[in-house]
Amino acid sequence: MSKITGILLAAGQSTRFGTNKLIHVLDNGKTIALQAAETLLQACPHSIAVISPDSTRLLKLFTNNHYTVITNTRSHNGMGSSIACAINEIKKTDACLIALADMPFIKVETINSISQQLNNNKCIIAPTYKGKRGHPVLFSKHFFPELAELCNDKGARDIIKNNKKYLKLIDVNDAGIIKDIDTISDIN
């Protein structure tokens, strides 16, 4: 069985939200970050979270919930630097599944469906909902060298764009894969 490491990206600046959106409490009593973290951990028992240096509340939240936490000292450089930071820390894994901490509505079943598509070949696996590609995205270890070089705010978008022949899209019945939270109105 393939080993997949979940990577939860939680080092963003939350500029459009006004405050740190990841510690905003949802209707179920959990913070946005905790909801996303618990879902990822259920599907990927080997998961890590990437935070910014000033995220003491997130550090406590994640460590209390069995996450290995990595601090990205270059988080101001954007999502790509957080992905690279995580890739440089993970060892002995066949793939990584990159999830965003501001997407708390993804179903565990969706992550499991993505993970089940992994084989020994070079691949990128992404979910779609009503024709829109979403998150999380799985990358086989073949892409780790490219992921480790990221340093901008586009994340892995260019890697996906430049490797379409390796991209496998799976249709899921989960609107959560395209629903990220950028403003308070996105929660409703």
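The sequence shown: position 64 = 64 (UniProt numbering), numbered continuously. The C-beta atom is built at its ideal place from N, Cα and C for all residues, glycine as well. Nothing here was measured: the structure is a model prediction, and the numbers come from that model.
Cβ contact check for the segment 26 to 45 and the segment 100 to 120: 3 or more pairs under 8 Å: yes
Under the three-state DSSP convention, the category D54 falls into: Locating residue 54 in the sequence shown gives position 54, where the first residue counts as 1. Residue state, collapsed to three classes: coil.
Cβ neighbour criterion (16 or more within 10 Å) applied to D174: Within the sequence shown, numbered from 1, the residue matching residue 174 stands at position 174. Flag for D174 reads buried.
Sub-7 Å separation of Y129 and I184 beta-carbons: Residue 129 sits at position 129 when you count from the first residue of the sequence shown. Residue 184 sits at position 184 when you count from the first residue of the sequence shown. It is not a contact, given that the beta carbons lie outside the stated cut-off.
Cβ-based neighbour list, G80, same chain, cut-off 8 Å, excluding 5 preceding and 5 following: To locate residue 80, count along the sequence shown from 1; it is residue 80. Excluding residues within five positions, the ones whose Cβ falls inside 8 Å are L150, C151, N152, D153, K154, G155, A156.
Rounded C-alpha distance that separates I7 from D27: The residue you call residue 7 lines up with position 7 of the sequence shown. The residue you call residue 27 lines up with position 27 of the sequence shown. Between I7 and D27, the C-alpha separation is close to 25 Å.
Secondary structure of T110, DSSP reduced to three states: Position 110 of the sequence shown, counted from the start, is the residue given in the question as residue 110. If DSSP states are grouped into helix, strand and coil, T110 belongs with the helices.
Assumed close pair T39, P53 - CB separation to whole angstroms, cut-off 8 Å: Taking the first residue of the sequence shown as 1, we reach residue 39 at position 39. Taking the first residue of the sequence shown as 1, we reach residue 53 at position 53. About 25 Å; that fails the 8 Å criterion.
Rounded C-alpha distance that separates C96 from V69: Taking the sequence shown and counting its residues from 1, one reaches residue 96 at position 96. Taking the sequence shown and counting its residues from 1, one reaches residue 69 at position 69. Whole-angstrom Cα-Cα distance: 15 Å.
CB of I87 within 7 Å of CB of F144, strictly: The residue you call residue 87 lines up with position 87 of the sequence shown. The residue you call residue 144 lines up with position 144 of the sequence shown. Cβ distance < 7 Å, so I87 and F144 count as in contact.
Delimiting residues of the alpha helix (DSSP H) encompassing E80: Stepping through the sequence shown from its first residue, residue 80 is reached at position 80. At residue 80 the sequence reads Gly, which differs from the Glu that was named. Its alpha helix (DSSP H) spans residues 79 to 87.
Cβ contact check for the segment 108 to 117 and the segment 131 to 139: 3 or more pairs under 8 Å: yes
Close-in-space but distant-in-sequence residues of the same chain around K91 (CB under 6 Å, 5 per side omitted): On the sequence shown, residue 91 is found 91 positions in, with the first residue counted as 1. Around K91: no qualifying Cβ.
I4, enclosing alpha helix (DSSP H) - first and last residue: Along the sequence shown, read from residue 1 onward, the residue named residue 4 stands at position 4. No alpha helix (DSSP H) contains I4, which is instead part of the beta strand (DSSP E) from 4 to 10.
Opposing strand residues paired with P145 [DSSP bridges]: In the sequence shown, counting from the first residue as 1, residue 145 sits at position 145. DSSP output for P145 lists no bridge partner at all.
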